[in-house]
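Protein chains in written order, with this note's numbering: chain V, 1 to 218; chain B, 1 to 794. Ideal Cβ placement from N, Cα and C applies to all residues, glycine included. Note that the structure is a prediction, hence the values are computed from the model and not measured.
Written out as structure tokens, the structure reads:
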């Protein structure tokens, strides 16, 4: 299922900044995607909830959150999906193995699995969008840790979704998601047709090393 | 509670169905802890239990699924409170019903992943489960059901906790997916092997699927399981209606599918998500008249890992012997230095060579074998899937390893000495395992086959006293050296045949001892192996790196018909030999090889250079400058991370070759100084730190890698013990930067002269300054440069 994962994305995670990878790295990417195919067991869980905005407080169904950025993100969204997805715990083993034996492949596998996780989330989101009544569309994923929405919001979000029971996604004491290739997010459902894909341009972290280079002059 | 055990199999028994959805219908808010209702709305919980009893349930599952200290965050209730209240409500419902029903303490997963995949230490999981089990038993539970589990390691922790707290029956049900695997990868035979080894009373399936999807899983269970089976499916697959997940298979359809599951062999059935008292009523009506099927006798000799099972008794099984310090200088050095990576590589090489099981022996007088064994087993299981054979004469090391092991291990070994049997058999009884039995006892090794048979018989008999069946014993009739006694091989083979025939047990031999003292030992070894295989040998302990031995095994499988369709033989021998890209007569220079990241070529180039230069000249004059050039390119943005690492790996291969050369010729190597690196406490992602390690090592630094999630105290202690002057710390998350700050604070307090370099995804120069680091490394090369600057002239 990962055949269509963008090689450019993998290269971006590896820090290529728009340069083309050499042929051996390209070969490693293909190897890694094949191994990911065998190691991954992608899962997802979502729940549609009504959105209420009261100043900076956002109520997602019964779930309250304090965040100006999230409130802004959910402007014009009567509802939202709470969402979590993962590539599953099987990806950890090859990452550990190559981390011990072949650092170059570990680095490429790390990047490939990050790209694959995004790809999986995109597929899930397409499916959610396809199930919407006409006249509604989805905004981009907004994850805890974006803007002023604290990372700690992952905990109530995952608990609300019963993510541990349903897809095996939990949190460590320091708020890392396990398995590592997992995503949790809030996806606004807005009235109106889909916007143009929102990418890095909408994000405030302008010095992020992974930011897609689409600014003027670049 | 003997009545439950006696009742099993006499008729079909019924568990209750879902609890969560019913509580929600009665007003439980989303996100609210269902178990809190045991205290806040006891009448609602009681009413649901009573509905299930009225529907015909024999077992009432207490509302304690999430009552686990690792799951409760900021709840005003304690685990014992919630658990005891839950069990008492179920108890009360049973009493009010006047029916002879049982109360099952419900134990669900912790919601955390165990190490090494996650951050939860095994014993912490055991302790958390124990707290729940103790409270449940005290409140009057009749049995324990561990359910909705998806990780074999966590299941083992829960089962041990239950068994160590009480003698109640323990049932385990698991969630398999469409690949017929648990979330963490185990297939059905692997899970069954471990749970039978742990001696649970019943095992089976729940959640995940509806009954229809569980039918094929039932077939697989029936083909490998010899204990009672319990199945509690959801009311079908989840369907999303209006954004909410629902399960909508109606009671009648559910019930008729459940009858099919009972006909396939389940002794106990219930329901999970979306099932209601109506489902259980229909299920009981549909299944009541069916007589439970006799338990199939699937008692085979099986070991397993957290992923897969290996049967001994089909095609010959290869047990790799290389993780063992005996006679290996380099291996001993690795053990003394705690160099786990070396051991892991030895293991991975054997996986690639085609081993089925890996023997693990880390016994060395001057190290802490108990801790080393435990750690090695855990680390090996983190990187490879084969079952392991725990090989030690220390009962403490054996227990530590068997406890930490995920799956059903092979255990090497027991023998006919009473004292040894008394220390090993209780461990096999408690943790499960297949044990290698050596035919030696207080009287030594008998010189004839009958004598060895007599010892094997004694071992099998004594094992039965501990509830260990002969399927869990593999006898080693002992290979003796033929150069000192020419009858030796013949006696071993005779004994092997006799023991198999008379006792019906499987057999194993370490092969290579036979040729001791003779030239070209492989010739003798492989011939002996052939003879042993045709005498009925089931498993051989050997070096899987030996082509000749592995070819022999493959050929025997094909000739004996044990390798169906010769598939294994063809897979091994039919593969194209890998092409050698090296054009004849042309050797790439070492600098070119490093620049392009070609390992084999780097070694060839080094070999060529050594004809004209001394090893140290090669290192300082060619290798380091070549690496530097790549590092420059990385800095300037013309070389990227994978290439940088490939170059470092090629340089590493050249280094290893040079080090070997210097060892051979007795030239002293030159280390550029020691560095301790670690990912800080709370942080479990270590790829960045590993990249830094690869580079540092290949620049000639002596790197002590403390791994991930490292407490500040460990860093300080290591730095002081090893007299290290430079420490590299990595943190991935803003939430773990405080742990980095604390580590730096403790380092400063211990020795103000220590330099600290920090890096990681969230690190910035400002952050680094604020927490008192000496250097901020934005990328891996920066750490190398800083190390060169700091440790120059040491």
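Taking the straight line between their C-alpha atoms, what separation do you get for residue i and residue j?
i, j, result
"residue 551/B", "residue 320/B", "15 Å"
"residue 804/B", "residue 492/B", "Only positions 1 to 794 of chain B appear in the structure, and residue 804/B is not among them; the question remains open."
"residue 322/B", "residue 539/B", "16 Å"
"residue 181/B", "residue 300/B", "21 Å"
"residue 580/B", "residue 373/B", "The pLDDT assigned to residue 580/B is 49, lower than 50, so where the model puts this residue is not dependable; a value taken from the coordinates is nonetheless given after this. Cα to Cα, residue 580/B sits roughly 39 Å from residue 373/B."
"residue 262/B", "residue 733/B", "50 Å"
"residue 107/B", "residue 676/B", "42 Å"
"residue 259/B", "residue 286/B", "6 Å"
"residue 51/B", "residue 29/B", "21 Å"
"residue 513/B", "residue 381/B", "29 Å"
"residue 240/B", "residue 246/B", "6 Å"
"residue 584/B", "residue 593/B", "The predicted position of residue 584/B is uncertain, since its pLDDT is 48 and thus under 50; a value taken from the coordinates is nonetheless stated next. In a straight line, the C-alpha of residue 584/B is about 16 Å away from that of residue 593/B."
"residue 146/V", "residue 220/B", "46 Å"
"residue 644/B", "residue 97/V", "19 Å"
"residue 787/B", "residue 125/B", "40 Å"
"residue 757/B", "residue 695/B", "15 Å"
"residue 117/V", "residue 70/V", "22 Å"
"residue 775/B", "residue 744/B", "12 Å"
"residue 716/B", "residue 298/B", "53 Å"
Residue i touches chain B at which residues, Cβ-Cβ below 8 Å?
i, result
"residue 144/V", "Per Cβ cutoff of 8 Å: no residues; residue 144/V is ~11 Å from chain B at best."
From this set, the options, which residue's C-alpha is nearest residue i's C-alpha?
i, options, result
"residue 35/V", "94/V, 17/V, 20/V, 195/V", "94/V"
"residue 811/B", "108/B, 337/B, 615/B, 514/B", "Chain B is shown only over 1 to 794; residue 811/B falls outside these bounds and no answer can be derived."
"residue 109/B", "159/B, 606/B, 472/B, 563/B", "159/B"
"residue 499/B", "457/B, 305/B, 44/B", "457/B"
"residue 143/B", "93/B, 37/B, 74/B, 3/B", "3/B"
"residue 244/B", "121/V, 47/V, 78/V, 22/V", "47/V"
"residue 9/B", "507/B, 773/B, 290/B, 686/B", "290/B"
"residue 16/B", "273/B, 215/B, 225/B", "273/B"
"residue 700/B", "176/B, 713/B, 674/B", "674/B"
"residue 104/B", "588/B, 141/B, 190/B", "141/B"
Between residue i and the ligand ADP, is the CB less than 7 Å from at least one heavy atom?
i, result
"residue 214/B", "Of the ligands one can find in the structure shown there are none, so the ligand ADP has no counterpart to examine."
Residue i versus chain V: which residues are under 7 Å apart at the beta carbon?
i, result
"residue 112/B", "170"
"residue 423/B", "The premise fails here: residue 423/B is roughly 34 Å from chain V at the closest Cβ pair, so nothing lies under 7 Å."
"residue 150/B", "168"
I want to see whether chain B comes within less than 8 Å of residue i, judged by CB atoms only; does it?
i, result
"residue 108/V", "yes"
"residue 14/V", "yes"
"residue 47/V", "yes"
"residue 148/V", "no"
"residue 154/V", "no"
"residue 136/V", "no"
"residue 160/V", "yes"
Using the beta-carbon of each residue, which ones in chain B are nearer than 7 Å to residue i?
i, result
"residue 92/V", "117"
"residue 133/V", "Per Cβ cutoff of 7 Å: no residues; residue 133/V is ~11 Å from chain B at best."
"residue 36/V", "Those within 7 Å of residue 36/V in chain B number zero; the least Cβ separation is about 14 Å."
Report, in whole angstroms, the separation of the C-beta atoms of residue i and residue j, which I expect to be a contact under 8 Å.
i, j, result
"residue 688/B", "residue 760/B", "6 Å"
"residue 708/B", "residue 170/V", "The pair is not a contact, with the Cβ atoms about 17 Å apart (cut-off 8 Å)."
What residues from chain B crowd round residue i, counting only those whose CB sits closer than 9 Å?
i, result
"residue 62/V", "29, 30, 31, 32"
"residue 57/V", "Near residue 57/V there are no residues of chain B at all, since even the closest Cβ is about 16 Å away, more than 9 Å."
"residue 83/V", "Going along chain B, no residue has its Cβ under 9 Å from residue 83/V, so there is no contact; the nearest lies around 11 Å."
Under 8 Å Cβ-Cβ, which residues of chain V neighbour residue i?
i, result
"residue 733/B", "151, 174, 175, 176"
"residue 109/B", "164, 165"
"residue 687/B", "95, 99, 106, 107, 110"
Under a CB-based cut-off of 8 Å, is residue i close to chain V?
i, result
"residue 684/B", "yes"
"residue 643/B", "yes"
"residue 583/B", "Confidence is the limiting factor: at residue 583/B the pLDDT is only 49, short of 50, which leaves the residue's position unreliable, though a coordinate-based value still follows. Taking Cβ atoms only, chain V never reaches closer than 8 Å to residue 583/B, which makes this a no."
"residue 145/B", "no"
"residue 73/B", "yes"
"residue 515/B", "no"
"residue 736/B", "yes"
"residue 244/B", "yes"
"residue 646/B", "yes"
"residue 572/B", "no"
"residue 765/B", "no"
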